[in-house]
Every structure is written in structure tokens, then in C-alpha cells.
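Accompanying notes for the structure given below.
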Amino acid sequence: MPQPRPYKVALNGYGRIGRCVLRALFERGAKAGFEIVALNDLADQASIEYLTRFDSTHGRFPGEVKVDGDCLHINGDCVKVLRSATPEGIDWAALGVDLVLECSGAYNTRADAQRFLDAGAPRVLFSQPMASESDVDATVVYGINQDCLDGSELLVSNASCTTNCGVPLLRVLDQAFGLEYVSITTIHSAMNDQPVIDAYHHEDLRRTRSAFQSVIPVSTGLARGIERLLPELAGRIQAKAVRVPTVNVSCLDITLQTARDTSAAEVNRVLREAALSGPLKGLLAYTELPHASCDFNHDPHSAIVDASQTRVSGPRLVNLLAWFDNEWGFANRMLDVAEHYLHVVNQTRSTCKQP
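So for the sequence shown, my numbering puts the first residue at 5; every next one is plus one.
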């Protein structure tokens, strides 16, 4: 029997996450369950080609890249390049896509998201958390709740890179020990909303400061994002964040109070077992080696537990550290959720067609 055609997907936004999503898909090769047939970004085609071929963080693209007219050829496959400032400027239905991956980060309300559907997009997966839980049909962290998708959803969020790191860890630890209170500090690499030298920022005075001269406290919605996925912890989580002068790889410093006595050795054993088997295998990693952050550049895991940093103060106050590549790990989760989402939609269609 012929193989079913891969699903067709379009990218909206071709910045750090958009480019990582495209590259991660091509690095998966034959294992990829869909193809990217179009991308939309305001950058000129020469810049799109150049930024695809050369990446200061992830290195050269492992394949052939060239632009010919409105086509970005990647290993011989054509990705149509579009330049529209709005979702309405594209006839998504005419592209024949099954899903739009919204990677610009510019749309976080249901009203904004609806613009894609009104312009013909059949469904949209967002690379950012939405403003509120009601602004999307589902928020998914792969490995935790992707099975909640039933194919009826039109608007789905992939949460954030920090949520994808934190939620699996907290789920495992809550099931093993019970969690009474949680405090998280995100130590995050610099991002493109920070200037290289001091410059104006439209909403945050701290982010007027040079990204590579300071550790800069910033706001975060991590606690709210975790509560959406783990409502049993609602009201018992606090989070804060700082940006640090590195270009990639971040970590969560997590302090939690358990409901029963434990030890650093037991905490590490539980996390190691979760990384080796069960639903988080391949998503959660565990290491006891003396690593630095750069060791996890281009690492596809959602979280890497650094067992050497686990501490227990008294019998129930636990502190641990988990690394994550805030670009590459998250881009791979976008692919995982997209593939699962499309598979569920296709299964639903097949079931409905049966007599």
C-alpha cells in the first residue's frame, strides 16, 4: 500500500524558533511526519536564505539551502516564501496546509488567533502561551497531556520553553513525594527583546540595559503557565526570572517543600527512573557529570536534571537544577505536538468516515 502523504504545515514567523523548527524537522529526516510547504516572514529572501544556512548558535545547516524566486529550496524540497504582515494577507486554504505553526509570538489572544482561522487556516499551533487559558482550545506540554487532544481543537498552544522544562519535573516529584509549595527561578539566556548596548524598550526599564553587561530581572508568567497544566498545584507556586549574558541554554532553579521526608539520593533516583522509562523517556534527561550550560546547546530534551546540584535541607526542603536548550528543545516539542495533533485529527476523520 502507498504511504499516506505527509501532513502539510506552514510557518508564520521565521525568527529564532521558526528557524529552529524548520531545521529540527529536516534533521529528523525520514522520521518526520509532515513537511513544511510555506513560511511567512517580512525578512527579504536573501536574509532568509543566509539565516537558514548559517546560525551562530546551532552552526551551519546540515544540508543544501538556496533561494530561487519565491522558493526556499532545502535539500531539494521547496518551501514557498511569503511576505505578509497580517494573517489576512495569506490564503492559507489555497496553500493546502493542515496546520499553521505560529512562531512569531505576536498573537496571544483568541481574537488575534481567530484571524488565522478566518483567513482559511484549518488549525493553528502557537509557540507561546496565550494571554489566558480561555484564549486557546488546549495548552499542551508533550509527555504530560497531549492525549487530551481529541481532534476538535482549532487553536492549541505549545506553552513555553520554561513550562516544558518545569511541568514534567513537578509532575514526577508531586507523584513521588507530594508537593506543598514550589518556588522557581528561571536563569534564562538573553533574548531578542534585549539590546546589545543600552537602548529604549517600550515597556520594561530593566530591558533598556545591555544584555551582555548585566544579569537582568524580568517578569515571567511561568507560575501561571504551570498552574494551567498542573491545576492541583494552583496557589502554591511562585516564580521569578533573570536574563544572563549567554546566547543559549537556560536552567530552572527549583525549590520545593515535599509532603513527606526525603533525601537528595531518593530525589535523584526518582528523577533518573523517570528519565529512563515511562512517558518522559526521551523528553527528560539525567546527568551526574560536572556540566556547564554550553554542553546542552542543541540538546532536544525538555529538561536535563543536573543531579550534582540536588540538595535537601532538613527532611523536606528540596532544591534542584534542570538545564534546557530554550531554542532547540522547545522547537522539538513543537514538532512532537504538531505531529501528534495532526495524527489525532486524521484518526478522528477516519473514524467519522467509517459506516
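Built from N, CA and C at the ideal position, the CB exists for glycine as well.
According to DSSP, residues forming a beta bridge with residue i
i	result
Val35	According to the sequence provided, residue 35 is Lys. The question's Val does not apply to it. Looking at the DSSP assignment, Lys35 forms no beta bridge with any residue, so it has no partner.
Leu76	Val71 and Val83
Arg247	His192 and Ile220
Ala307	Leu288
Arg315	Asn323
Asp257	Thr189 and Leu325
Val128	Val104 and Leu159
Asn44	Asn16 and Leu86
Thr262	Leu183
Span separating the alpha-carbon of residue i from that of residue j
i	j	result
Ala50	Cys75	11 Å
Tyr11	Thr352	15 Å
Ile220	Cys107	25 Å
Cys24	Trp332	6 Å
Arg20	Val274	34 Å
Pro359	Gly80	Confidence at Pro359 is low in this model, with a pLDDT of 46, below 50, so the placement of that residue is unreliable and no value is reported for it.
Pro6	Thr314	Because Pro6 carries a pLDDT of 40, less than 50, the predicted location of this residue cannot be relied on, and the following value inherits that uncertainty. C-alpha separation (whole angstroms): 51 Å.
Leu361	Ile201	Only positions 5 to 359 of the chain appear in the structure, and residue 361 is not among them; the question remains open.
Val309	Ala268	13 Å
Phe58	Asn301	16 Å
His305	Ser156	28 Å
Arg213	His205	9 Å
Pro319	Asp178	16 Å
Asp141	Val128	10 Å
Asn370	Thr291	Only positions 5 to 359 of the chain appear in the structure, and residue 370 is not among them; the question remains open.
Asp329	Asn336	10 Å
Asp303	Gly286	11 Å
Ala110	Ala263	40 Å
Gln217	Arg211	12 Å
Gln132	Ser164	6 Å
Ala34	Leu26	14 Å
Leu209	Ser60	28 Å
Leu321	Gln261	5 Å
Ala89	Leu293	46 Å
His347	Val145	16 Å
C-beta atoms of residue i and residue j nearer than 8 Å
i	j	result
Ile94	Gly170	no
Ala125	Leu339	no
Leu284	Pro199	no
Ala307	Leu288	yes
Val271	Ala245	no
Thr266	Val316	yes
Phe65	Pro91	no
Glu137	Arg232	yes
Thr167	Asp139	no
Val83	Ala42	yes
Leu237	Ile188	no
Asp48	Gly17	no
Gln150	Val349	no
Trp96	Ala203	no
Ala3	Leu159	The structure shown does not extend to residue 3, since the chain spans only 5 to 359, so no value can be given for it.
Which listed residue (the options) has its alpha carbon closest to that of residue i
i	options	result
Leu55	Ala34, Ile78 and Gly73	Ile78
Cys298	Ala14, Leu237 and His62	His62
Ser161	Val85, Ala89, Met134 and Gly182	Met134
Ala123	Val246, Asn350, Ala142 and Ala98	Ala98
Ala296	His305, Gly286, Gly282 and Ser312	Ser312
Gly67	Asn336, Arg32 and Arg210	Arg32
Arg175	Cys165, Leu158 and Ile148	Ile148
Pro235	Glu53, Thr143 and Ala117	Thr143
Val248	Ala215, Leu46, Leu86 and Ala163	Ala215
Arg87	Asp116, Ile52, Ala117 and Ala203	Ile52
Val256	Trp327, Val69 and Thr224	Strictly speaking, residue 256 in this sequence is Leu, with Val absent from that position. Comparing Cα-Cα distances from Leu256 to each of Trp327, Val69 and Thr224, the minimum goes to Trp327.
Val85	Phe130, His347 and Gly22	Gly22
Segment contact, 8 Å Cβ cut-off, at least three pairs: the segment 186–201 with the segment 240–254: Touching, yes.
Stretch pair the segment 95–105 + the segment 35–51: three plus CB contacts closer than 8 Å: yes
Segment contact, 8 Å Cβ cut-off, at least three pairs: the segment 221–241 with the segment 175–190: yes
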